[in-house]
Amino acid sequence: MIHLKKMEKAIASPFDFVPEERAVGYVCSYLPEEIVLAAGYTPVRLFGVGGDGTKAPSHLQTYACSLVRGILEEALSGRTEKMAAVVFPDACDTIRRLSDIWRMNIRGPHHLDLVLPVKLNTKSAEIYTAHILKRFLDEISSLAGVPISQNSLKEAIALMNEIREILAHIDHLRARGVLGLSTRDYYTVLRAAMVMDRYEYVQMLREMHDHLRETEREKPKKPRLFIAGGMCKLPEIFDAIEEAGGSVVGDDLCSGTRYFSTPCRTDIDPLKALVKRIHARPVCPAKHQGLMNRFDHISRRVEETHAQGVIILVYKFCDPHAFDFPDLKKNLAQRGVPVLLLEIEDPLPSQGQIRTRCEAFIEMIDKG
Amino acid sequence: MNVKTGVAKLREIMTNYYIEAKTARENHRLVAWITSGGPVEPLIAMDIIPVYPENHGAMIGASKMGADLCAKAEEMGYSGDLCAYARSDIACSVVNGGPIGGLPAPDMLVCCNNICGTVLKWYEIQARYYKVPLFIFDTPFCHQAYTPEVARYVRSQIDEYIAFLEQVSGKKMDMDHLSEVGRLSVEGQKLWQAVLDTAMHHPSPMSAFDAFIYMALIVTLRGTQVVVDYYAGLLDEMKGRIAQGIGVVKAEKYRLLWDNIPIWYRMKWLSEKFASYGACLVADTYTSAWCGSLKYLDESDFLHSMAEGYTRIYLNIGVDERAKTIMEMAKKYDVQGLVIHSNRSCKPYSLGQYDIQAMVERELGIPTVVLEADMVDERSFSEAQIETRIEAFMEVLAERSYV
Numbered sequence: 038m039i040h041l042k043k044m045e046k047a048i049a050s051p052f053d054f055v056p057e058e059r060a061v062g063y064v065c066s067y068l069p070e071e072i073v074l075a076a077g078y079t080p081v082r083l084f085g086v087g088g089d090g091t092k093a094p095s096h097l098q099t100y101a102c103s104l105v106r107g108i109l110e111e112a113l114s115g116r117t118e119k120m121a122a123v124v125f126p127d128a129c130d131t132i133r134r135l136s137d138i139w140r141m142n143i144r145g146p147h148h149l150d151l152v153l154p155v156k157l158n159t160k161s162a163e164i165y166t167a168h169i170l171k172r173f174l175d176e177i178s179s180l181a182g183v184p185i186s187q188n189s190l191k192e193a194i195a196l197m198n199e200i201r202e203i204l205a206h207i208d209h210l211r212a213r214g215v216l217g218l219s220t221r222d223y224y225t226v227l228r229a230a231m232v233m234d235r236y237e238y239v240q241m242l243r244e245m246h247d248h249l250r251e252t253e254r255e256k257p258k259k260p261r262l263f264i265a266g267g268m269c270k271l272p273e274i275f276d277a278i279e280e281a282g283g284s285v286v287g288d289d290l291c292s293g294t295r296y297f298s299t300p301c302r303t304d305i306d307p308l309k310a311l312v313k314r315i316h317a318r319p320v321c322p323a324k325h326q327g328l329m330n331r332f333d334h335i336s337r338r339v340e341e342t343h344a345q346g347v348i349i350l351v352y353k354f355c356d357p358h359a360f361d362f363p364d365l366k367k368n369l370a371q372r373g374v375p376v377l378l379l380e381i382e383d384p385l386p387s388q389g390q391i392r393t394r395c396e397a398f399i400e401m402i403d404k405g
Numbered sequence: 536m537n538v539k540t541g542v543a544k545l546r547e548i549m550t551n552y553y554i555e556a557k558t559a560r561e562n563h564r565l566v567a568w569i570t571s572g573g574p575v576e577p578l579i580a581m582d583i584i585p586v587y588p589e590n591h592g593a594m595i596g597a598s599k600m601g602a603d604l605c606a607k608a609e610e611m612g613y614s615g616d617l618c619a620y621a622r623s624d625i626a627c628s629v630v631n632g633g634p635i636g637g638l639p640a641p642d643m644l645v646c647c648n649n650i651c652g653t654v655l656k657w658y659e660i661q662a663r664y665y666k667v668p669l670f671i672f673d674t675p676f677c678h679q680a681y682t683p684e685v686a687r688y689v690r691s692q693i694d695e696y697i698a699f700l701e702q703v704s705g706k707k708m709d710m711d712h713l714s715e716v717g718r719l720s721v722e723g724q725k726l727w728q729a730v731l732d733t734a735m736h737h738p739s740p741m742s743a744f745d746a747f748i749y750m751a752l753i754v755t756l757r758g759t760q761v762v763v764d765y766y767a768g769l770l771d772e773m774k775g776r777i778a779q780g781i782g783v784v785k786a787e788k789y790r791l792l793w794d795n796i797p798i799w800y801r802m803k804w805l806s807e808k809f810a811s812y813g814a815c816l817v818a819d820t821y822t823s824a825w826c827g828s829l830k831y832l833d834e835s836d837f838l839h840s841m842a843e844g845y846t847r848i849y850l851n852i853g854v855d856e857r858a859k860t861i862m863e864m865a866k867k868y869d870v871q872g873l874v875i876h877s878n879r880s881c882k883p884y885s886l887g888q889y890d891i892q893a894m895v896e897r898e899l900g901i902p903t904v905v906l907e908a909d910m911v912d913e914r915s916f917s918e919a920q921i922e923t924r925i926e927a928f929m930e931v932l933a934e935r936s937y938v
């Protein structure tokens, strides 16, 4: 597939493609990337090194999740020290503390906390978001030494909306079962969107999309699966699912459809549009949009994609996802959708076990 | 009041409180579950009974019923890595277990996330389970500052909170009464701080282990006269002990500071262990959290100042500011060492402790020790390991005291 190799490389070493001094690192998909882009920077999502190094364990207990430990390890190793800035959108308890520990120990990138509200379904929370996005915009603008005009913000929104739209089209091909990409490669394309120069990326994506449309091909019928969870940077899991005979037709992942769903409105003030998007996006369980929103959204997506089963990925020590799991499972079970829970860590301790569990699950769905 | 009758009196007040809460329905009163750091004053002002699942969690831990209930939650699908207060409470709702046969069912839930993100998930689960309305009092995290944006947002939620209570209860809030409750809350907090401050004396008339018990009232009945009366009596008692030169630890030799929630099921063991070395844990960051915001509170304008008071609490601030607080406490209470409970159940409290430890050692030059455990789930407690750690720590203290 065209451009795929380059995307793979960009994920492996983003700073070979984006000059570090023009990069703004971030740790959670609630970052309004458009503001960063409008200041002339490239937002680069930090995924962590995977696995324990020698430095993070002196700052974080073993019960901090492997993602956060990996991000800290990467930063302490000096691999991100030349970035222009790093942004910590308010997320879970562990990311909050990661921000503190980073600020106290790592010199280099300008450190920014974007303390979004936890509640996303009230008017006063929306007003608060508007205030802090304005503050964020001013800070990024002064860091860059350039004013951020309405027009540059609109341009950034247009760029991000185009990326979102094409990714949604590709996702649609996947749901129809005609996408000429493996699941591993699908997520490579997605993750590349979070680390590459967005202008370069959108061109590659356009070409890739054209190519994928021209080469649509009916795949052999396999059990249709939906994946729900947070960020997933472990391609081995996607391989395990496919090798076990399953076909992934949709997801509710932070590094998946949640990244590109909900286009930003273009009919209102651009900053207001960014606020609206934050409040309207499919919700991360560390935030609150109502008691049932997340479950209803996932059920609806499962129905739309005609998925026959749901695989829930929960990182060990990820509280928000672990708390949601029993009720999410119950909710899906009430609709007759079987669920498999996979507790994961980066790096995966045992791929064999995951494959065996996927095989058993897929076999059960196939017989049902 | 002496310490013995002081505890007996406390038990009596707590028993009456739980009887009142458990018979609320018969008495046509409403019950609200609220997080431990949540703004309780509006509930008291509306005669709604506040119930604290976290206090219940502590009771479960102290009764050594934590492991069973946590295991039950795990059977229900909750990961064993989640907060043990939450796990035991969620399980208790289903089995009506625990030391008091479960909490009275709530009519509403009030969740203030100034202590963690866990309470948000926990209260969402309970709101679905009990099918009752949930109010979320969202206090943005103050890594370094309390900004005007945060102040406005939190202040606007106080009005939303009152409107929520009026809607659920069908009654109007009496704002004068709320001011009075606010005044009592501040008075109670001041007295609680004064009680804790008696530990500045050498020898200390009380220890953190006592504070862990006495704190029940400032958590559960803040804003009532009962708290004010009780702590006024307790303060007199402590002053009396100081006058007579009575220390809680016989021949107090070392003074230590405790960080994090207690290990509820091992309080007696730990207390005796430290006392056996002549060590008194004179202060802690946990019980002082219920009066740590006094500097932001204004009795004459409680409603306004409570926004800041409830947002800038110990667990809702940056690690460096927490380290500063700890170092101030270390000086204030004149301690020679810091005991850090690394509590698997509480990530916002525990993550960052290693940096705090390094700062304290570097800047104060006092030894520290980390005890890896859990506040409620005794399956995460290794007696042999903790004992070894404490022994080694006491040896260091002994060596330093001879220098």
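Line by line, the protein sequences are chains A and B.
Quick note on the working numbering: the first sequence kicks off at 38 and runs consecutively.
Quick note on the working numbering: the second sequence kicks off at 536 and runs consecutively.
Quick reminder that beta carbons are idealized off the backbone N, C-alpha and C, glycines included.
All values derive from a computational prediction rather than experimental measurement.
First and last residue of the uninterrupted alpha helix (DSSP H) at residue i
{"i": "Pro883 (chain B)", "result": "882 to 885"}
{"i": "Trp804 (chain B)", "result": "802 to 810"}
{"i": "Pro639 (chain B)", "result": "Segment: none, Pro639 (chain B) is in no alpha helix (DSSP H) and carries neither H nor E."}
{"i": "His839 (chain B)", "result": "837 to 846"}
For residue i, the first and last residue of its enclosing beta strand (DSSP E)
{"i": "Cys272 (chain A)", "result": "According to the sequence shown, residue 272 (chain A) is Pro rather than Cys. Where Pro272 (chain A) is concerned, there is no enclosing beta strand (DSSP E), although the alpha helix (DSSP H) it sits in stretches over 272 to 280."}
{"i": "Ala593 (chain B)", "result": "Where Ala593 (chain B) is concerned, there is no enclosing beta strand (DSSP E), although the alpha helix (DSSP H) it sits in stretches over 588 to 597."}
{"i": "Leu117 (chain A)", "result": "For the sequence presented, residue 117 (chain A) should be read as Thr rather than Leu. Per DSSP, Thr117 (chain A) belongs to no beta strand (DSSP E) and is neither H nor E."}
{"i": "Tyr63 (chain A)", "result": "60 to 63"}
{"i": "Pro797 (chain B)", "result": "Segment: none, Pro797 (chain B) is in no beta strand (DSSP E) and carries neither H nor E."}
{"i": "Asn142 (chain A)", "result": "Unbroken run through Asn142 (chain A) is the alpha helix (DSSP H), 130 to 142; no beta strand (DSSP E)."}
{"i": "Val905 (chain B)", "result": "903 to 908"}
{"i": "Ser915 (chain B)", "result": "Element bounds for Ser915 (chain B): n/a, residue is neither H nor E."}
{"i": "Leu180 (chain A)", "result": "First-last for Leu180 (chain A): 160 to 181, but that is the alpha helix (DSSP H), not the beta strand (DSSP E)."}
Where residue i falls, given that 16 or more other Cβ within 10 Å makes a residue buried
{"i": "His325 (chain A)", "result": "buried"}
{"i": "His358 (chain A)", "result": "buried"}
{"i": "Asp333 (chain A)", "result": "exposed"}
{"i": "Leu829 (chain B)", "result": "exposed"}
{"i": "Gln98 (chain A)", "result": "buried"}
{"i": "Val183 (chain A)", "result": "exposed"}
{"i": "Ser623 (chain B)", "result": "buried"}
{"i": "Tyr789 (chain B)", "result": "buried"}
{"i": "Ile391 (chain A)", "result": "buried"}
{"i": "Asn562 (chain B)", "result": "exposed"}
{"i": "Asp53 (chain A)", "result": "exposed"}
{"i": "Arg897 (chain B)", "result": "exposed"}
Contacts around residue i, its chain only, beta-carbon distance under 7 Å, and the 5 residues preceding and following it disregarded
{"i": "Leu378 (chain A)", "result": "Ile349, Val351, Phe362"}
{"i": "Glu163 (chain A)", "result": "Val312, His316"}
{"i": "Leu769 (chain B)", "result": "Met536, Gly541, Val730, Tyr749"}
{"i": "Ile548 (chain B)", "result": "Leu752, Val761, Tyr765"}
{"i": "Glu199 (chain A)", "result": "Val239"}
{"i": "Val854 (chain B)", "result": "Gly887, Asp890, Ile891"}
{"i": "Ile660 (chain B)", "result": "Ile625"}
Which residues DSSP lists as bridging residue i, in chain order
{"i": "Glu380 (chain A)", "result": "A:Val351"}
{"i": "Ala818 (chain B)", "result": "B:Leu792"}
{"i": "Phe125 (chain A)", "result": "A:Asp150"}
{"i": "Ala786 (chain B)", "result": "Ala786 (chain B) pairs with nothing; no bridge assigned."}
{"i": "Val81 (chain A)", "result": "A:Gly62"}
{"i": "Pro585 (chain B)", "result": "B:Ala567"}
Own chain, CB closer than 6 Å to residue i, minus 5 neighbours either side, in chain order
{"i": "Arg116 (chain A)", "result": "none"}
{"i": "Asp819 (chain B)", "result": "Ala743, Trp793"}
{"i": "Ser103 (chain A)", "result": "Glu382, Asp383"}
{"i": "Leu242 (chain A)", "result": "Ile203"}
Sequence-distant residues of the same chain with beta carbon closer than 8 Å to residue i, five excluded per side
{"i": "Gly293 (chain A)", "result": "Tyr224, Leu227, Ile264, Cys269"}
{"i": "Met841 (chain B)", "result": "Pro574, Glu576, Ile693, Gly717, Leu832"}
{"i": "Tyr688 (chain B)", "result": "Asp673, Pro675"}
{"i": "Ser336 (chain A)", "result": "Asn368, Leu369, Arg372, Val374"}
Ignoring anything shorter than 4 residues or poking outside the segment 642 to 713 of chain B, list the alpha helix (DSSP H) runs there in chain order.
Those alpha helix (DSSP H) runs which fall completely within the segment 642 to 713 of chain B and span 4+ residues are 653 to 665, 683 to 704.
Start-end ranges of the beta strand (DSSP E) lying completely within the segment 297 to 373 of chain A, minimum 3 residues
346 to 352
Within the segment 214 to 278 of chain A, note down every full beta strand (DSSP E) run reaching 3 residues or more, in order along the chain.
261 to 266
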